[in-house]
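Numbering (the working numbering), first residue to last: 195 to 686.
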């Protein structure tokens, strides 16, 4: 599977696209004015403890206080008489006014503040350092049992060596650590321990609230987290960014240096690989399938829904076969769209109803297989009684739509506006209201062009009846800058 990473850099914005077999699969956007804060470590102050919610709010210097549940506090776990783990009351763990070292696990999204943890983790190329834990873990995405055992044994040996034994802390071996050598792991351990030692010195002198550790910018995170053995090329269209990427790779990921290329072409990098067009499509509700069917994506505050329709696809055999083929194609497309749009949280998929249980199983297996490529953690349930597939996808950053768009000022995010007929009747009611309250000779109605056209054409009879009823003249004036729902009734 040919895979490339494209990095488009401007001083205002960095964009990264992961392209597989010529098709964009993932798109990340980071703007200089509002970089994401996931992974940042802050020295914060507890401003409110909520015993009823077993959570607290922490001031880390942002506009909104951040939220931390009791499960994310180090030392908040106790063991029951039966040997089970349980959380102790949060009031016994922290109190208001206390200083707390926290890490952001989820960006502020919508009206919600950032989500925090005190279980700190600092990533490098192959490892994640956990300063408050002595555990050695291996990524679940490394399936080979022998490789998992090799890596764990190797880490135990390296951590027991006197040269590396200084300082506490455990490690998690990341997915890219599969096949890593002893030297590569040793280099990562050294790097992370030095970094943590420097951070500890910074933490002691930092004020409250303040940031003490900031995650890497997007183009460097892409090199650290996305560049694996299957990546053939990493193309960068900025010479300065290319040079800084090479310098960064020499320190942390020397094996990918030969894959990094500077792209000097006249044609924009994202145009050449069709990324711009795919980004525009990813902002729309409708996704066309090759068969003629289509998907409809709707993002709401609570969840994302996906509806599948056969559209123009009529099939060649029978209805059940047509539905099955459409659902199979849709399952593959949905997996890609979730990554492309960076959709997270609860996702409800309404596949077209299938009567054959074997068809249902095959569609779900196809969806599961596609989601295996996803970097975000996904959990899929079976087909419900209503024929829906419910799933969750871990969300740490805003979706592509939320990064690039804002709610429509005309419809206020409803996705629809009132018809000219509805607005016309509202105008009639407003005229009657003013007629009862004020004495005037005539009325001037200011409204959008479509509404005025409707009043002078289809509703002209109603206007004449209203004039006769109130005994006043009504005139209309089209305002090109008015939204479809906006109008004013002026007394003359």
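Note that the Cβ used here is the ideal one computed from N, Cα and C, for glycine as well.
* How is the alpha helix (DSSP H) around residue 610 delimited, first residue to last? -> Looking at the DSSP string, residue 610 is not in any alpha helix (DSSP H), and its letter there is neither H nor E.
* To do: Please classify residue 237: is it buried, with 16 or more other beta-carbons within 10 angstroms of its beta-carbon, or exposed?
  => buried
* Asked: What residue from 664, 644, 650, 654 has the CA that sits closest to residue 674's CA?
  -> 644
* Asked: What are the start and end residues of the beta strand (DSSP E) that includes residue 322?
  -> 321 to 324
* To do: Would you be able to state if there are at least three C-beta pairs under 8 Å between the region 362 to 375 and the region 391 to 404?
  => no
* Distance, residue 642 Cα to residue 588 Cα -> 43 Å
* Asked: Which class does residue 357 belong to by DSSP, given the choice of helix, strand or coil?
  -> Bear in mind that the predicted position of residue 357 carries a pLDDT of just 46, short of 50, making it too unreliable to give a figure here.
* Residues in its own chain within less than 8 Å of residue 462 by CB, not counting five upstream and five downstream? -> 202, 431, 470
* Count the other C-beta atoms from every protein chain shown that fall within 10 angstroms of the C-beta of residue 222, then say buried if there are 16 or more, exposed otherwise. => buried
* **Spatial neighbours of residue 415 in its chain, beta-carbon cut-off 8 Å, leaving aside the 5 residues before and after** => 409
* Could you check if residue 538 is buried or exposed, using at least 16 other CB atoms within 10 Å of its CB as the buried criterion? => buried
* Local conformation of residue 309 per DSSP, three classes -> strand
* Environment of residue 259 [buried if 16+ CB atoms lie within 10 Å] -> buried
* Reducing DSSP to helix, strand and coil, say where residue 381 ends up. => helix
* Asked: Can the beta-carbon of residue 577 be found closer than 7 Å to that of residue 585?
  -> No, Cβ-Cβ distance for residue 577 and residue 585 is not below 7 Å.
* To do: Have a look at residue 332 and residue 351 and give me their C-alpha separation to the nearest angstrom.
  => 15 Å
* Backbone secondary structure at residue 671 - three-state DSSP -> Residue 671: strand per DSSP, three-state reduction.
* Is the region 204 to 214 in contact with the region 515 to 526, if contact means three or more CB pairs nearer than 8 Å? -> no
* Asked: Do residue 498 and residue 541 have their C-beta atoms closer together than 7 Å?
  -> yes
* Asked: Should residue 650 and residue 669 be called a contact, given that it needs their Cβ atoms to be closer than 7 Å?
  -> Result no, Cβ atoms of residue 650 and residue 669 do not sit closer than 7 Å.
* Asked: If we call anything under 7 Å between Cβ atoms a contact, is residue 346 one with residue 293?
  -> Taking 7 Å as the Cβ cut-off, residue 346 and residue 293 do not qualify as a contacting pair.
* Find the nearest neighbour of residue 624 within the set 681, 677, 447, judged by alpha-carbon distance. => A check of alpha carbon separations from residue 624 across 681, 677, 447 identifies 681 as the nearest.
* Find out if the Cβ-Cβ distance for the pair residue 385, residue 318 is shorter than 7 Å. => yes
* List the DSSP bridge partners of residue 206. => According to DSSP, residue 206 bridges with nothing at all.
* Pull up the distance between the alpha-carbon of residue 184 and that of residue 581, whole angstroms please. => One cannot answer for residue 184 here, as it falls past the ends of the chain, which runs 195 to 686.
* Bridge-paired residues (DSSP) for residue 497 -> Listed as beta-bridge partners of residue 497 by DSSP are 540.
* **Cα-Cα separation between residue 382 and residue 326, rounded to whole angstroms** => 18 Å
* Nearest-angstrom Cα distance between residue 554 and residue 564? -> In a straight line, the C-alpha of residue 554 is about 16 Å away from that of residue 564.
* Asked: Just reading off the alpha helix (DSSP H) that residue 662 is part of, what are its end residues?
  -> 654 to 664
* Taking the CB atoms as reference points, tell me whether residue 691 and residue 648 lie closer together than 7 Å. => Outside the shown range of the chain (195 to 686) lies residue 691, about which nothing can therefore be said.
* Asked: By Cβ distance below 8 Å, which residues in the same chain neighbour residue 425 in space, the five residues on each side in sequence not counted?
  -> 197, 198, 199, 450, 453
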